[in-house]
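Each residue of the sequence shown is one higher than the one before, starting from 3 at the first, in the working numbering.
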Amino acid sequence: MKTLIVGTVPVENFPIYLGTPSFDGKDLVLKERTLPVGMGTLSLYSAAYLTLAHFKGESPTLLTVGDIGKADGSRILYQKLTEKIEEFKPNVLTLHYVMPIITLAKTLALKLQKMSPKPIVVADAGFMYAFKASKMGHVCDIFTPDPGEMAFLADKNAVHPAYMERHLFEIDSIDVESLIEKVKNVEGLPKMLVIKGAIDYIVLDGKILFKIDDPMVPSLEPIGGTGDTLTGILTGLIAHGLSLEKAAFYACKINRIAGLLSNPTPRTRVNKIISYIPKAIDMVLKI
Numbered sequence: 003m004k005t006l007i008v009g010t011v012p013v014e015n016f017p018i019y020l021g022t023p024s025f026d027g028k029d030l031v032l033k034e035r036t037l038p039v040g041m042g043t044l045s046l047y048s049a050a051y052l053t054l055a056h057f058k059g060e061s062p063t064l065l066t067v068g069d070i071g072k073a074d075g076s077r078i079l080y081q082k083l084t085e086k087i088e089e090f091k092p093n094v095l096t097l098h099y100v101m102p103i104i105t106l107a108k109t110l111a112l113k114l115q116k117m118s119p120k121p122i123v124v125a126d127a128g129f130m131y132a133f134k135a136s137k138m139g140h141v142c143d144i145f146t147p148d149p150g151e152m153a154f155l156a157d158k159n160a161v162h163p164a165y166m167e168r169h170l171f172e173i174d175s176i177d178v179e180s181l182i183e184k185v186k187n188v189e190g191l192p193k194m195l196v197i198k199g200a201i202d203y204i205v206l207d208g209k210i211l212f213k214i215d216d217p218m219v220p221s222l223e224p225i226g227g228t229g230d231t232l233t234g235i236l237t238g239l240i241a242h243g244l245s246l247e248k249a250a251f252y253a254c255k256i257n258r259i260a261g262l263l264s265n266p267t268p269r270t271r272v273n274k275i276i277s278y279i280p281k282a283i284d285m286v287l288k289i
C-alpha cells in the first residue's frame, strides 16, 4: 500500500518537503537536512517507517514543512495536500501536527470525501482538532487522542482544547470511560477512536472493544513522543493490510512492549523506544 504521512516540524523556515527520508535509527535525513526523530511528526514517521520495513513493505512518504506556531507552514501544508491529494492517491493517509485552521481543514475534508477510492485516514494532534472543530471528523477512519484530547472531543462546542468546558478538563485522566460516553453525542467524529494513555482504549461506534494496560510501564509517562510512536505503528500495520481493529490492538501492544524493552528512565529519548519496534512486533505477532 502507498502511505502518506503529513505534519509540520518545529523548525523555522524549513522548506516544504515531499519524499522518503533516509533513517539511521536516530535521525532522519530530508534532502540535505538532518532532523532528530524526537520531533513529533518525525517520531510518528520513524515508527511507521520501521514497522513497514520490518514487513518489507513500501516505505511511507513524508510531506512536511516548518512551522513554529505562526501557522505559515501549516497553511502551505493544507494547500499543498488539498491540491495534490488526488495525484498522490495514498491508500493510507496519516495526518499529524499542524495549526488547526478550520476553513482549510474543511476544504481538505471535502476533497477527501469525494475521492474514490478514499484513503484510510488516521488523524492526530492539530489535524484531529481541526477536523473535529469543522465537524468533518467523519471523513477520517480513526482519531488517536490522549485523555486530555478526549475531553476536547467530548465537548461538542469547543473548537480547540484551550476552550473546552472546565469540568471536562478536570475529569480527563480520571474517568476516560465517561468521556467515551459523552463523545457519542458529538457530531462529526470518526467511528473509531484509539485513546492513548496509562490504559489504552479502542472504541468503535461508541463501544469499548479493547482496554489495554499490559505491560504497564509507568516510567514511559514522562517521555515525550510515545503517543506519536503508537500512531506511527498503527499507520504501518494498517498499510501492511491488517484490519483497523487488529491494527489498533496490536499497535497498542507493540508500543508498550517497545517501551518496556527500552528499559526507560525519565531521561530516555523516544528514538531508543523506536529502535525496539521490530523486536516488539516479533514478540506480539509471534513472527
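Ideal Cβ placement from N, Cα and C applies to all residues, glycine included.
Here the structure is a predicted model, which is why all the values come from computation and not from measurement.
First and last residue of the uninterrupted alpha helix (DSSP H) at Asp74 = From DSSP, the alpha helix (DSSP H) with Asp74 extends over Asp74 to Phe90.
Taking Cβ to Cβ, would you say Gly71 is nearer than 8 angstroms to Val13?
-> Val13 is positioned such that its CB atom lies no closer than 8 angstroms to that of Gly71.
Work out the CA separation of Val205 and Leu20 for me, nearest whole Å.
-> So the two alpha carbons sit approximately 33 angstroms from each other.
Determine the closest residue to Gly261 out of Lys4, Tyr278, Lys58 and Cys142, with distance taken between C-alpha atoms.
-> Gly261 has its Cα closest to that of Tyr278, out of Lys4, Tyr278, Lys58 and Cys142.
As assigned by DSSP and simplified to three states, the class of Met285 = Of the three classes helix, strand and coil, the one that applies to Met285 here is helix, per DSSP.
Closest by CA to Val94, which one among Leu6, Lys134 and Pro38?
-> With respect to the C-alpha of Val94, the residue from Leu6, Lys134 and Pro38 having the closest C-alpha is Leu6.
May I ask you to list the residues that DSSP assigns as paired with Leu195?
-> DSSP output for Leu195 lists Phe145 and Val205 as bridge partner(s).
In angstroms with no decimal places, state the Cα-to-Cα distance between Ser136 and Lys184.
-> Answer to the nearest angstrom: the Cα atoms are 18 angstroms apart.
Do Val286 and Ile256 have their C-beta atoms closer together than 8 angstroms?
-> Yes. Within cutoff.
Thr109 to Ile276 span [Cα, whole Å] | Computed Cα separation, rounded: 34 angstroms.
By how many angstroms is the C-alpha of Ala200 removed from the C-alpha of Asp215?
-> If you take the alpha carbons of Asp215 and Ala200, they lie about 7 angstroms apart.
Between Asp126 and Thr146, is the Cβ-Cβ spacing less than 8 angstroms?
-> Yes, these two residues count as a Cβ contact at 8 angstroms.
Pick helix, strand or coil for Ile70, following the three-state DSSP scheme.
-> Assigned with DSSP and collapsed to three states, Ile70 falls in coil, not helix or strand.
Cβ-Cβ distance between Ile144 and Pro192 below 8 angstroms | Their beta carbons are under 8 angstroms apart, which means Ile144 touches Pro192 by this criterion.
Taking the CB atoms as reference points, tell me whether Phe129 and Val100 lie closer together than 8 angstroms.
-> In contact: Phe129 and Val100 (Cβ atoms closer than 8 angstroms).
Just checking, does the region 47-64 make contact with the region 236-245 on the three C-beta pairs under 8 angstroms criterion?
-> As far as the Cβ criterion goes, the region 47-64 touches the region 236-245, which means the pair count is three or higher.
Determine the burial state of His169: buried for a count of at least 16 other Cβ atoms within 10 Å of its Cβ, exposed for fewer.
-> Low confidence applies to His169: its pLDDT is 49, below 50, so where it sits in the model is not reliable enough to give any reading.
For the candidate residues Leu222, Ile259 and Lys209, whose alpha-carbon lies nearest to that of Ile283?
-> Put simply, of Leu222, Ile259 and Lys209 the residue whose alpha carbon is nearest the alpha carbon of Ile283 is Ile259.
Give the straight-line distance between the Cα atoms of Val8 and Leu232, rounded to the nearest whole angstrom.
-> The C-alpha of Val8 lies about 16 angstroms from the C-alpha of Leu232.
Leaving out five residues before and five after Val123 in sequence, what residues of the same chain have Cβ atoms less than 6 angstroms from its Cβ?
-> Exclusion of the five residues before and after Val123 leaves Leu95, Cys142 and Asp143 as the residues of its chain whose Cβ lies within less than 6 angstroms of its Cβ.
Does the ligand ZN have a heavy atom nearer than 7 angstroms to the CB of Phe16?
-> Ligands are entirely absent from the displayed structure, and the ligand ZN is therefore not among its contents.
What are the boundary residues of the alpha helix (DSSP H) that Arg258 is part of?
-> Boundaries of the alpha helix (DSSP H) around Arg258: Leu246 to Leu263.
From Lys274 to Lys28, what distance separates their C-alpha atoms?
-> Taking the straight line joining both Cα atoms gives about 8 angstroms.
State the Cα-Cα distance for the pair Lys86 and Thr63, rounded to the nearest angstrom.
-> Using only the alpha carbons, I get a separation of about 13 angstroms.
Could you pull out every residue in the same chain whose Cβ sits closer than 7 angstroms to the Cβ of His140, ignoring the five residues on either side in sequence?
-> Gly190, Leu191 and Pro192, listed in sequence order.
Would you report the Cα separation of Leu114 and Ser48, rounded to the nearest angstrom?
-> Each residue's Cα considered, the two are about 25 angstroms apart.
So what does DSSP say about His169, is it helix, strand or coil?
-> Low confidence applies to His169: its pLDDT is 49, below 50, so where it sits in the model is not reliable, and the reading given next is rough at best. Note: His169 maps to helix in three-state DSSP.
DSSP on Pro1, reduced to helix/strand/coil?
-> There is no way to answer for residue 1, as the model of the chain reaches only from 3 to 289.
Specify the secondary structure class of Phe154 as computed by DSSP and reduced to three states.
-> Per DSSP, reduced to three states, the secondary structure at Phe154 is helical.
8 angstroms contact criterion, which Ala156 and Leu181 should meet: CB distance rounded | Contact annotation, Ala156 with Leu181: C-beta distance approximately 5 angstroms; criterion of less than 8 angstroms satisfied.
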